[in-house]
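A.B. asks:
Structural data, given as structure tokens:
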């Protein structure tokens, strides 16, 4: 009885490409919000942070690739794997810049202080591993 219910549920829920699309839309749209904020308010504070660490400030402009271009490509399903990797790398850099001191910290409610960064990182990594799935604005798999 339980096995039959499980088989029935599995048949109803077996939509891997829809799941991949939902993951792409979730990570892409939420990360794009961060990019839009950078477009509206600039990256001057990131430039200052990099320069204070002895790094060249122009590196800050890479955030537009990681938080605007890559999320748009992820949403559209174009160059999805490389875009997922760029998004994951962007989160590693952002965490190293502003969140590394919170690596072993819990919030007041017991959550890991870097859980949002981890979700974006692993979301980008999963997108890199699974690709765009069937749903993409391009039909040629060479561009997915």
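Residue numbers (this note's numbering): 112 to 255. No residue lacks a Cβ here, since even glycine has one placed at the ideal position from N, Cα and C. Model, not experiment: these values are computed from the prediction.
1. Let me check understanding here. Comparing Cα to Cα, which of 131, 190, 167 lies closest to residue 251?
2. Excluding sequence positions up to five away, which residues of its chain have a Cβ less than 8 Å from the Cβ of residue 136?
3. DSSP three-state label for residue 136, please.
4. Would you check if the distance between the CB atom of residue 206 and the CB atom of residue 228 is smaller than 8 Å?
5. What did DSSP end up calling residue 225 once you bin it into helix, strand or coil?
6. Suppose you measure from the CA of residue 164 to the CA of residue 254; what does that come to, to the nearest Å?
7. Quick check: what's the CA-CA separation for residue 216 versus residue 224?
8. Under 8 Å, do residue 181 and residue 236 count as touching if we go by C-beta distance?
9. Given this structure, state the Cα-to-Cα distance separating residue 241 from residue 115, to the nearest angstrom.
10. Quick check: residue 158 and residue 168, are their CB atoms within less than 8 Å of each other?
11. Under a three-way DSSP split, which group does residue 217 fall into?
12. Between the Cα of residue 232 and those of 153, 196, 213, spot the shortest distance and give me the residue it belongs to.
C.D. replies: In short, the structure shows the following:
1. 190
2. 186
3. helix
4. yes
5. coil
6. 38 Å
7. 6 Å
8. no
9. 29 Å
10. yes
11. strand
12. 196
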